[in-house]
Amino acid sequence: MNRISALIVSLLLFVLHAPSLLAQGYEGSACTKQNAELKRQLSSLRSGGPSSLSLHWAFLYGAEMFSSSYLKAEGAAPVLTKAEHEDPLVGTEGYDAWTCMYSAYRAQDNDTKTAWSEGVPGAGIGELLMVPVGTAKQARIWIGFGKTTELFKRNNRPKRVRLTILQAYGGGATQMGMAYSSLKYLSSTEVDLVDTNGWQTVALPDAPATGVPEHLIWARLLVIEILDIYKGTHYDDTLISEVQPIENSDG
493 MNRISALIVS LLLFVLHAPS LLAQGYEGSA CTKQNAELKR QLSSLRSGGP
543 SSLSLHWAFL YGAEMFSSSY LKAEGAAPVL TKAEHEDPLV GTEGYDAWTC
593 MYSAYRAQDN DTKTAWSEGV PGAGIGELLM VPVGTAKQAR IWIGFGKTTE
643 LFKRNNRPKR VRLTILQAYG GGATQMGMAY SSLKYLSSTE VDLVDTNGWQ
693 TVALPDAPAT GVPEHLIWAR LLVIEILDIY KGTHYDDTLI SEVQPIENSD
743 G
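Take 493 as the starting number for the sequence shown in this note's numbering and just add one per residue.
Here it is in structure tokens:
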């Protein structure tokens, strides 16, 4: 009887928690808003002031918050199926991915045929893109729209950028990704980029930090600020296809 009772209890617990378990099948979200506060928050951090900036990097979830702007999706939105409307395990991943077509996520999705694009009128001077870089001392970057040579030439490419390192003193690993809070400014540098449709390596600012909890040493963000551009032949949008930290090889 004890084994049977235990089995019944286990089945009841599964039934009670099944909806929440299924809901974890897909936990992304559509890109629906711009992070207009990012510039002000970064300015406050640089001047040693307080910042309420708190971010969560989890693929499509929260991707819209890792840039000061992004270009709205182009083309027709995918039509949601009945299953996508009703089944939490299926979710709306296809639609969400479409809305995030040019979000910050696209600059770190390991695909140089996608890209982040700033979304303000004009060339996007002063716009910001953030990517997690851990403790890397270098990063490789693919500027412009790397999908084709033609698209690379038609759109703007960053020419000069300011690189800033922020350190999180709060947050940590979550079920879906990484949380960054209690951010502090460490250092900045300016870099000139080569106008090439391919990878190039940039040195990241030397950024020593003190008092960082051991489990958050890796919790650093690189902020890329557009200072100047290579002008595109057709469009006034400035894009970055990919940014990847280069793992340190010390020792």
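Beta carbons: idealized from backbone N, C-alpha and C, even for Gly.
Nonlocal neighbours in the same chain, by C-beta distance under 8 Å from residue i, ignoring five residues either side
| i | result |
| --- | --- |
| V686 | Q692 |
| L508 | Caution applies to L508, whose pLDDT of 39 falls short of 50 and renders its modelled position unreliable; the model cannot decide the point. |
| N648 | A615, G616, G636, I721, Y722, K723, G724, Y727, D728, D729, T730 and L731 |
| R538 | T656, Y677 and S680 |
| R646 | F637, G724, T725, H726 and Y727 |
| K591 | For clarity, residue 591 is Thr in the given sequence; the question names Lys instead. Only A522, C523, T524, A565 and A569 meet the Cβ criterion. |
| Q600 | V623, P624, E734, V735 and Q736 |
| K639 | T604, K605, T606, A607 and S733 |
Same chain only: Cβ atoms within 7 Å of residue i, ignoring 5 sequence neighbours per side
| i | result |
| --- | --- |
| S679 | I657, P697, D698 and A699 |
| N527 | E556, M557, S559 and S560 |
| L572 | T584 and Y587 |
| P650 | I635, L685, I718, I721, T730 and I732 |
| R654 | S680, E682, E717 and L719 |
| K701 | Per the sequence presented here, residue 701 reads as Ala, with Lys not at that position. Correct list, in chain order: Q659 and L678. |
| A641 | What sits at residue 641 in the sequence shown is Thr, not Ala. For T641, where only same-chain residues beyond five positions count, the Cβ hits under 7 Å are N689. |
| S543 | Q533, S536, L537 and L675 |
Counterpart residues of residue i in DSSP-defined beta bridges
| i | result |
| --- | --- |
| W744 | Here the chain has residues from 493 to 743 only, and residue 744 is not among them. |
| R649 | Y722 |
| R712 | Q659 |
| H548 | A671 |
| L620 | E717 |
Reduced DSSP category for residue i - H, G, I as helix; E, B as strand; rest coil
| i | result |
| --- | --- |
| E610 | coil |
| A498 | In this prediction, A498 has a pLDDT of 44, which is less than 50 and means its spatial position is unreliable; nothing more can be read from the coordinates. |
| A596 | helix |
| S561 | coil |
| K525 | coil |
| S543 | coil |
| A589 | helix |
| K605 | coil |
| K639 | coil |
| K629 | coil |
| L534 | helix |
| A555 | helix |
| E566 | coil |
| E739 | coil |
| L513 | Annotation note: pLDDT 38 at L513 (below 50); position unreliable, no value reported. |
Sequence-distant residues of the same chain with beta carbon closer than 6 Å to residue i, five excluded per side
| i | result |
| --- | --- |
| S595 | C523, A555, E556 and Y562 |
| R652 | D684, L719 and D720 |
| S674 | Y661 and G662 |
Inset, instruction - Flag this pair as touching only if the region 599-612 and the region 655-675 have three or more C-beta atom pairs under 8 Å; answer yes or no. - result: Contact between the region 599-612 and the region 655-675 is absent, because fewer than three Cβ pairs lie under 8 Å.
Inset, instruction - Taking 8 Å as the threshold, find out whether the region 616-636 comes into contact with the region 707-717 through three or more Cβ pairs. - result: yes
Inset, instruction - State whether the region 538-553 contacts the region 700-707, with contact taken as three or more CB pairs (one from each stretch) at a distance under 8 Å. - result: no
Legend entry - Length-filtered (4 minimum) alpha helix (DSSP H) runs lying within the region 643-701: Entirely contained in the region 643-701, not one alpha helix (DSSP H) run reaches 4 residues.
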